[in-house]
Amino acid sequence: MIKLSHFLLSCAFLASATSAQDIAVSRIASNSSDYAYYGTDGGIAAYSMGTTSCNVGNVVVAWGTGGDPPVIAQNMFKIKDGRMEQLGYSWMKEGFCAVNENSCGSCQGTPCSTLGIGCADTYGSGLNDGRFGVAKFRVNPVTGAWPNSWGAGPTGPTTIRGRLQVPANELADSSVTYISESQYPHEQDQMAGNGRNNASWIRAQWSNSNLSSLATTGPIHLYNPAIYAWKHYHSDVMIEELQLTDEGGPNVHGYVFVASKATAMPGGGFRYDYCVQNFNSDDAVGSFNVPADCSPSNVFFRDVDHHSGSIWDNTDWTLNQTGGTLDWSTQTFAQNPDANAIRWGTMFTFSFEADAAPGVAQATVGLFKSGGSMNATVFVPGSNCCSGGNISTYCSSTMNSASIVGAVLTASGSTNAADQSLTLSAHDLPLNKWSYFLMSRNQTFVPLFGGSQGNLCVGSPQIRFSNNVMTTGPGNLTFSPDFNNLPQGQVFLPGDTWNFQLWFRDNFPGPTSNTTNGASVTFCQ
Numbered sequence: 001m002i003k004l005s006h007f008l009l010s011c012a013f014l015a016s017a018t019s020a021q022d023i024a025v026s027r028i029a030s031n032s033s034d035y036a037y038y039g040t041d042g043g044i045a046a047y048s049m050g051t052t053s054c055n056v057g058n059v060v061v062a063w064g065t066g067g068d069p070p071v072i073a074q075n076m077f078k079i080k081d082g083r084m085e086q087l088g089y090s091w092m093k094e095g096f097c098a099v100n101e102n103s104c105g106s107c108q109g110t111p112c113s114t115l116g117i118g119c120a121d122t123y124g125s126g127l128n129d130g131r132f133g134v135a136k137f138r139v140n141p142v143t144g145a146w147p148n149s150w151g152a153g154p155t156g157p158t159t160i161r162g163r164l165q166v167p168a169n170e171l172a173d174s175s176v177t178y179i180s181e182s183q184y185p186h187e188q189d190q191m192a193g194n195g196r197n198n199a200s201w202i203r204a205q206w207s208n209s210n211l212s213s214l215a216t217t218g219p220i221h222l223y224n225p226a227i228y229a230w231k232h233y234h235s236d237v238m239i240e241e242l243q244l245t246d247e248g249g250p251n252v253h254g255y256v257f258v259a260s261k262a263t264a265m266p267g268g269g270f271r272y273d274y275c276v277q278n279f280n281s282d283d284a285v286g287s288f289n290v291p292a293d294c295s296p297s298n299v300f301f302r303d304v305d306h307h308s309g310s311i312w313d314n315t316d317w318t319l320n321q322t323g324g325t326l327d328w329s330t331q332t333f334a335q336n337p338d339a340n341a342i343r344w345g346t347m348f349t350f351s352f353e354a355d356a357a358p359g360v361a362q363a364t365v366g367l368f369k370s371g372g373s374m375n376a377t378v379f380v381p382g383s384n385c386c387s388g389g390n391i392s393t394y395c396s397s398t399m400n401s402a403s404i405v406g407a408v409l410t411a412s413g414s415t416n417a418a419d420q421s422l423t424l425s426a427h428d429l430p431l432n433k434w435s436y437f438l439m440s441r442n443q444t445f446v447p448l449f450g451g452s453q454g455n456l457c458v459g460s461p462q463i464r465f466s467n468n469v470m471t472t473g474p475g476n477l478t479f480s481p482d483f484n485n486l487p488q489g490q491v492f493l494p495g496d497t498w499n500f501q502l503w504f505r506d507n508f509p510g511p512t513s514n515t516t517n518g519a520s521v522t523f524c525q
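Under the working numbering, the first residue of the sequence shown is numbered 1, with each subsequent residue one higher.
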């Protein structure tokens, strides 16, 4: 993926252009004035954003009305707590009269009925207003073909109809990363085999709680759909690009992207997140199947709402768990041609939690119209499946020479004993003091035990990791017990609960010792 530090495309970029017509999105709302905010209705906020396209090919592109203009799609997404979801989309703007600007290279200008080689065309947020836009269902995204008549325009409340509609209560959150995406399907571009690169994305943020304060931040990311933002901000995301070869004719392909991420949860276990983005397939996606022998919890699904009179349905997908798989699906094409499939320019998110640490396997992406399927490599719960695991903290620590709140101990990793992946982490410790871990099946609370300044949190009998004495170093340390060599011949078994605590030397208020809080781990079974 090519990244530029600003929205202008360089001559070097043009020199690498492919043959025939080829459109790329070179700018998305470069400042706050390039976002139009129209207000809210029924909890839905409405926006539009300015965009600039560029002909990076070596043949002029038709841009006149009534024949071959592009349509301009606008989408918004969020990334929160490591998971990506689509917030909404707009009805599309129909391109007209290219202005043939120089902003993306050496423009070979033409009349406005075409976009010249190396030339750019800009639409401000007002011109891209979806209120008078075109419905997605009227465009064949893989070929770029559209009918002679666009049919009825958008319907609904005047403030939001046809526009980029997003839930107002999910906006202007400083803990969220927001993504704006634009895509330019064009029949000549698609039929030349160059439709894969006609979307770009950029980060967008609100400067305050006022919903009109939206602006972009950072560089635009060219040539790729918004799902790549997930990997950009979370490097442990895995993305697989699926090509529907010749879907629109020879060398005219459809594309679907599948991304996955496994996130360790504070209470133990892992959350498995999946995004499926249909970039430009008219076939669409009607089901998503993930191998998962484990019993899932906190199952999550999110689609994106069609609106303003779209014929596409909004019914949530159903979930079935059979034969060690999780299978989300909508109605079949035979049951309802307008069912809530993953249509072009939209992304659905699927998620669940499981105790098992991640492995990889093949997910199945079911195609909606043709009934075919494709496979994608994704993160899934590994073979060591179980349930009932938990990680928590308890008891309390006291002031030490490094921290008035006391030293803090946490545990992380898999609660499946078979995974042998438990990590104990302590911080806010005094520097360079001797320390060791204790463990016990029982809990207690004994203040200032044995002359210590700390609280004893592990009950009797306490088992000392005497072979793993260590220093506190820079004031923090981590320790991963060797499951095959635990002290006193102990073994971590499924269903067991073990409690841990760190003891350490200190000089507060004089030569003494202190302790962290306790951490409790229940291994699943």
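Quick reminder that beta carbons are idealized off the backbone N, C-alpha and C, glycines included.
Simplified DSSP assignment, three categories, for residue i
i: Arg343; result: coil
i: Asn468; result: helix
i: Pro154; result: coil
i: Asn197; result: helix
i: Pro487; result: helix
i: Arg441; result: coil
i: Gly389; result: coil
i: Asn298; result: strand
i: Arg131; result: helix
i: Cys11; result: Residue placement at Cys11 cannot be trusted, given a pLDDT of 34 that sits under 50; what the coordinates show is reported in the next sentence. If DSSP states are grouped into helix, strand and coil, Cys11 belongs with the helices.
i: Ala426; result: strand
i: Gly450; result: helix
i: Pro511; result: coil
i: Arg271; result: strand
i: Lys369; result: coil
i: Asp34; result: helix
i: Asn336; result: coil
i: Arg163; result: coil
i: Lys136; result: helix
i: Asn280; result: coil
Contact set for residue i: own chain, Cβ-Cβ below 8 Å, skip 5 residues either direction
i: Val304; result: Gln86, Leu87, Gly88, Tyr89, Thr346, Met347, Phe348
i: Gly475; result: Ala402, His427, Asp428, Leu429, Pro430, Leu431
i: Leu438; result: Val458, Gln462, Ile463, Arg464, Phe465, Phe500, Gln501, Leu502, Trp503
i: Gly359; result: Phe379, Val380, Pro381, Gly382, Ser383
Residue i classed as buried or exposed, judged by whether at least 16 other C-beta atoms fall within 10 angstroms
i: Pro70; result: buried
i: Trp91; result: buried
i: Tyr394; result: exposed
i: Gly151; result: exposed
i: Val25; result: buried
i: Leu429; result: buried
i: Leu244; result: buried
i: Leu493; result: exposed
i: Pro511; result: exposed
First through last residue of the beta strand (DSSP E) which encompasses residue i
i: Gln188; result: Gln188 -> not in any beta strand (DSSP E); alpha helix (DSSP H) instead, spanning 187-191.
i: Phe518; result: Sequence check: residue 518 is Gly here, not Phe. It spans 518-522 - the beta strand (DSSP E) in which Gly518 sits, taken as one unbroken run.
i: Ile44; result: 44-49
i: Leu493; result: Segment: none, Leu493 is in no beta strand (DSSP E) and carries neither H nor E.
i: Trp503; result: 497-506
i: Ser534; result: Since the displayed the chain opens at 1 and closes at 525, residue 534 lies outside it and no answer follows.
CB-CB length for residue i against residue j, believed under 8 Å
i: Ser397; j: Asn455; result: 7 Å
i: Ile588; j: Ile311; result: Given a span of 1 to 525 for the chain in the structure shown, any question on residue 588 remains unanswerable.
i: Tyr184; j: Ile72; result: 6 Å
i: Gly413; j: His234; result: Incorrect: roughly 19 Å between the Cβ atoms, too far for contact.
i: Asp22; j: Gly57; result: 3 Å
i: Val365; j: Val256; result: 6 Å
i: Thr607; j: Ala62; result: Within the shown structure, residues of the chain are numbered from 1 to 525, placing residue 607 beyond reach of any answer.
i: Asn384; j: Ala226; result: Actually they do not touch by this definition, with Cβ atoms about 34 Å apart.
i: Gly95; j: Cys107; result: Contact flag wrong, Cβ pair sits at about 17 Å.
i: Val142; j: Glu247; result: 5 Å
i: Ser529; j: Asn169; result: As shown, the chain starts at 1 and ends at 525. That puts residue 529 outside it, with no answer to give.
i: Val491; j: Ala411; result: That belief does not hold up - the Cβ atoms of Val491 and Ala411 are roughly 18 Å apart, past 8 Å.
i: Arg343; j: Lys136; result: 6 Å
Range of the contiguous alpha helix (DSSP H) that encloses residue i
i: Trp146; result: Unbroken run through Trp146: none, as it is neither H nor E.
i: Ile227; result: 227-233
Close beta carbons around residue i, own chain, < 7 Å, minus the five adjacent residues each side
i: Gly126; result: Ala36
i: Gly116; result: Asn55, Val60, Asn100, Cys107, Gln108, Gly109, Thr110
i: Asp506; result: Asn400, Ser401, Pro430, Lys433, Gln453, Thr512, Ser513, Asn514
i: Ser308; result: Trp91, Pro154, Thr155, Gly156, Arg161, Gly162
Chain-order list of residues whose beta-carbon lies under 6 Å from that of residue i (same chain, five-residue window excluded)
i: Leu326; result: Val290, Ala292
i: Val237; result: Trp230, Lys231, Ala259, Lys261
i: Gln420; result: Phe483
i: Thr263; result: Gly82, Arg271
i: His186; result: Ile23, Pro70, Gly144
i: Cys294; result: Ala354, Ala356, Pro381, Cys385
i: Asp496; result: Phe523
i: Ser182; result: Val25, Ile28, Thr51, Gln74
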